[in-house]
Ligand code: ADQ
């Protein structure tokens, strides 16, 4: 078996339960996938050095070797806070109104990708499969090719790929997308993002795409497909069954005092639709006077990317909005929103999800959204809760039995909450079973196997529909 080298912006060793903090979706998924491989995971340490030295820090943890480098402050400002999080993140989430274009950001992005290529180069052996992750590192494959690397290299995009009409707003967009063609396999979360990519290739690059997923541009042919990421179902089941989860579950139920809990768990990010969610919930309280005092919304949202101005703004506006809604509706013995700005460990989350009658997950745009899958996996099969899910999350293509809503519509959110509260147990079980089957079958192991098989060259056909080849691997 070839060795697998995973390269991503950050490398996160699996954290012991109880240390808390919000681990990003990528970290959670990859630590699970790499545990099984003789894998090496390369990326930024998260530390800032005075100057970039390229010195690698190796560590071994639970069978995974991590190799990390420090970046210098200018790199972090221009590459991470700049191009990745102020230019590409908003653009790829369809928010061109928030995207900032600055030449120094683009320069920093290229520079850090070159630095990553130079540093990881000596670690690569001829048989290694190389798997590069996410929007921070799009040009890295091309950088490695320029340095003579002939290994098979794959790229997986965890976030959406924007429609061509939005993509062209990025200065030098052709260069960025062309650099993707240096990979052997390009993976997207869903058919929708894959189609946006294919459309761009045909419209802007004059290429053409075949139905088996092969993309041709000039004399270059690569495979592009949809590889929806899943959760580590087994590990999550263990978390659900743990003592920690039981304690968290009981604590929430006790404090709910007979009321229904509606839960939202997100990084504090404008793409997650939190303002719109709070407004939808407020509409529900306005329209359903009889339900006031009977429910509350528990929103867990630890701050992320604090150095980026738009994230400070969203934090302020949510503090204000939750305060206003609570001020408007609260009674002496009831607060409508419990808004918690901290992260929790897996066991705590599992217990909270299970205790919640409704999972309210309404991103405005999301590559996949693993919280929705975790909520499903945590439910009691005899008495499951109801998932309300944004139709603009990648997960909506798989979780068709959720109550799908337009996250921008207050009425939609309000009506779905009403419907979820009143939903008979039989219907809840029926919907949950269908969703749980998908979450269990199309888990993180399934995702990784499909991608790595494609990378090894066996290339399963590009996925056409959720669930259609679910029994692979
Ligand atoms: P994220 O945007 O970080 O990931 P998501 O898929 O929701 O979002 O995953 C978050 C992970 O972090 C989940 O496992 C969740 O439990 C954990 N998490 C989130 N909020 C938390 C909180 N408040 N406290 C504790 N833990 C929390 C990106 C893309 C997604 C894609 C993933 C994986 O934006 O669309 O699903 O990568 O590809």
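In the numbering used here, the protein residues as written are 1146 to 1618. The C-beta atom is built at its ideal place from N, Cα and C for all residues, glycine as well.
Exposed or buried, which one is residue i when buried takes at least 16 other CB atoms within 10 Å?
i: residue 1508; result: buried
i: residue 1403; result: exposed
i: residue 1179; result: buried
i: residue 1392; result: exposed
i: residue 1341; result: buried
i: residue 1187; result: buried
i: residue 1203; result: exposed
i: residue 1567; result: exposed
i: residue 1416; result: buried
i: residue 1394; result: buried
i: residue 1198; result: exposed
i: residue 1356; result: exposed
i: residue 1195; result: exposed
i: residue 1569; result: exposed
i: residue 1121; result: Since the first residue of the chain shown is 1146 and the last is 1618, residue 1121 is not available in this structure.
i: residue 1595; result: buried
i: residue 1400; result: exposed
Return helix, strand or coil for residue i, following the three-state DSSP convention.
i: residue 1448; result: strand
i: residue 1626; result: Any property of residue 1626 remains undetermined from this structure, which presents the chain solely from 1146 to 1618.
i: residue 1528; result: coil
i: residue 1211; result: strand
i: residue 1190; result: strand
i: residue 1335; result: coil
i: residue 1543; result: coil
i: residue 1581; result: helix
i: residue 1261; result: helix
i: residue 1296; result: coil
i: residue 1283; result: coil
i: residue 1238; result: coil
i: residue 1364; result: coil
i: residue 1598; result: helix
i: residue 1621; result: Residue 1621 lies beyond the stretch modelled for the chain, which goes from 1146 to 1618, so this question has no answer here.
i: residue 1197; result: coil
i: residue 1127; result: This structure does not reach residue 1127, given that the chain is present from 1146 up to 1618, and the question cannot be answered.
Would the beta-carbon of residue i fall within 8 Å of that of residue j?
i: residue 1371; j: residue 1333; result: yes
i: residue 1248; j: residue 1191; result: no
i: residue 1280; j: residue 1250; result: no
i: residue 1500; j: residue 1406; result: yes
i: residue 1460; j: residue 1413; result: yes
i: residue 1480; j: residue 1471; result: yes
i: residue 1559; j: residue 1464; result: no
i: residue 1175; j: residue 1210; result: no
i: residue 1410; j: residue 1544; result: no
i: residue 1573; j: residue 1529; result: yes
i: residue 1308; j: residue 1237; result: no
i: residue 1149; j: residue 1189; result: no
i: residue 1361; j: residue 1352; result: yes
i: residue 1349; j: residue 1313; result: yes
i: residue 1311; j: residue 1241; result: yes
i: residue 1631; j: residue 1591; result: What the structure shows of the chain is the stretch from 1146 to 1618, and residue 1631 is not part of that stretch, so it cannot be assessed.
i: residue 1201; j: residue 1221; result: no
i: residue 1511; j: residue 1488; result: no
i: residue 1243; j: residue 1455; result: yes
i: residue 1254; j: residue 1224; result: yes
i: residue 1563; j: residue 1429; result: yes
i: residue 1294; j: residue 1329; result: no
i: residue 1345; j: residue 1322; result: yes
i: residue 1565; j: residue 1516; result: no
Below 7 Å CB to CB, which residues in the same chain sit around residue i once its five sequence neighbours on both sides are set aside?
i: residue 1147; result: 1272, 1273 and 1274
i: residue 1378; result: 1522, 1584, 1585 and 1588
i: residue 1549; result: 1534, 1536 and 1541
i: residue 1418; result: 1507, 1508, 1509, 1535 and 1552
i: residue 1325; result: 1283, 1300 and 1331
i: residue 1285; result: 1152, 1258, 1261, 1262 and 1277
i: residue 1546; result: 1576, 1579 and 1580
With 8 Å as the threshold, decide whether the Cβ of residue i is near any Cβ in chain C.
i: residue 1250; result: No chain C appears in this structure, which consists of one protein chain only.
What does a CB cutoff of less than 6 Å around residue i pick up in its chain, not counting 5 residues either side in sequence?
i: residue 1442; result: 1407, 1426 and 1482
i: residue 1445; result: 1410 and 1485
i: residue 1581; result: 1521
i: residue 1601; result: none
i: residue 1496; result: 1390, 1393 and 1394
i: residue 1398; result: 1500
i: residue 1290; result: 1327
To which residues of the same chain is residue i closer than 8 Å at the C-beta, ignoring the five residues directly before and after it?
i: residue 1246; result: 1232, 1315 and 1316
i: residue 1421; result: 1507, 1509, 1552, 1553, 1555 and 1558
i: residue 1226; result: 1450, 1452 and 1453
- [ ] Go through the region 1468-1524 residue by residue and report every complete run of the beta strand (DSSP E) that reaches 3 residues or more, in order.
- [x] 1482-1485 and 1503-1506
List, from N- to C-terminal side, the alpha helix (DSSP H) runs of 4 residues or more that fit wholly inside the region 1376-1416.
1378-1386 and 1388-1401
**Q.** Uninterrupted beta strand (DSSP E) stretches inside the region 1548-1577 (no shorter than 3 residues)
**A.** 1548-1550
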